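Worksheet: the structure to be examined is printed underneath.
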Amino acid sequence: MMKSYIWLQTTDGSIQQVEQEVAMYCPMICKENIQKGMGASKNHAISLPERVSTAMLSLILDYCRFHQVPGRSNKECKAFDEKYIRMDTKLLCELTSAADSLQLKPLVDLTSHALARIIEGKTPEEIREIFHLPDDLTEVSDA
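Going by UniProt numbering, the first residue of the sequence shown is number 1, and it counts up by one from there.
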């Protein structure tokens, strides 16, 4: 059986040919392809949202390729997911944002829960350090 492909363009300008059954796992891509007829050729590639770089698309497609295969056990999926989210916090944040922009709820849930586990039980100072956030809170003065 011949595979069908669609074309996707990332925010950094890369145009990639992706297996249609894998790409269709993302609701946003599915809508663009079915409702608007986009993605059929390199000249009509689906422009992905701002947060989807080539690196993010690659990570997202790895997730989709695994999860779109029918008949995988919960144990297999859980093992894959646990290994998949082992990345630094910055990358995990970027992936959550990119998955959200593609409306890929299962991946958003997975990465959000991973981020929640990272900050669980941490002080505000520790959380600022983890996410490299400035301490923009000032002491309230007694007036």
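Here a beta-carbon is modelled for each residue, glycine too, at the ideal position from N, C-alpha and C.
Only a predicted model underlies this, so the values are computations on that prediction, with no experimental measurement involved.
For residue j and residue i, the rounded distance between their alpha carbons
{"i": "glycine 13", "j": "threonine 123", "result": "40 Å"}
{"i": "isoleucine 127", "j": "isoleucine 118", "result": "9 Å"}
{"i": "glutamine 17", "j": "serine 58", "result": "12 Å"}
{"i": "asparagine 43", "j": "arginine 65", "result": "25 Å"}
{"i": "isoleucine 46", "j": "threonine 89", "result": "29 Å"}
{"i": "methionine 2", "j": "glutamine 20", "result": "11 Å"}
{"i": "residue 196", "j": "methionine 87", "result": "For residue 196 there is no data in the structure shown, the boundaries of the chain being 1 and 143."}
{"i": "isoleucine 15", "j": "arginine 72", "result": "30 Å"}
{"i": "methionine 120", "j": "leucine 92", "result": "The sequence shown places glutamate at residue 120, not methionine. Between glutamate 120 and leucine 92, the C-alpha separation is close to 16 Å."}
Burial state of residue i, where buried means 16 or more other Cβ atoms lie within 10 Å
{"i": "glycine 39", "result": "buried"}
{"i": "isoleucine 6", "result": "buried"}
{"i": "glutamine 9", "result": "buried"}
{"i": "asparagine 33", "result": "buried"}
{"i": "residue 145", "result": "The requested residue 145 is not part of the displayed model; the chain covers only 1 to 143."}
CB of residue i within 9 Å of CB of residue j, strictly
{"i": "proline 106", "j": "histidine 67", "result": "yes"}
{"i": "leucine 48", "j": "isoleucine 85", "result": "no"}
{"i": "methionine 56", "j": "glutamine 103", "result": "no"}
{"i": "isoleucine 60", "j": "cysteine 30", "result": "no"}
Chain B within 9 Å of residue i, Cβ atoms only
{"i": "arginine 86", "result": "No chain B is present in this structure, which holds just one protein chain."}
Discussion item. Restricting to runs no shorter than 4 residues, where is the alpha helix (DSSP H) found entirely within the segment 43-100?
Written reply: 54-67, 74-84
Practice prompt. Let me know the alpha helix (DSSP H) ranges lying completely inside the UniProt domain "SKP1 component dimerisation" (105-139), each 4 residues or longer, listed in chain order.
Written response: 105-119, 124-130
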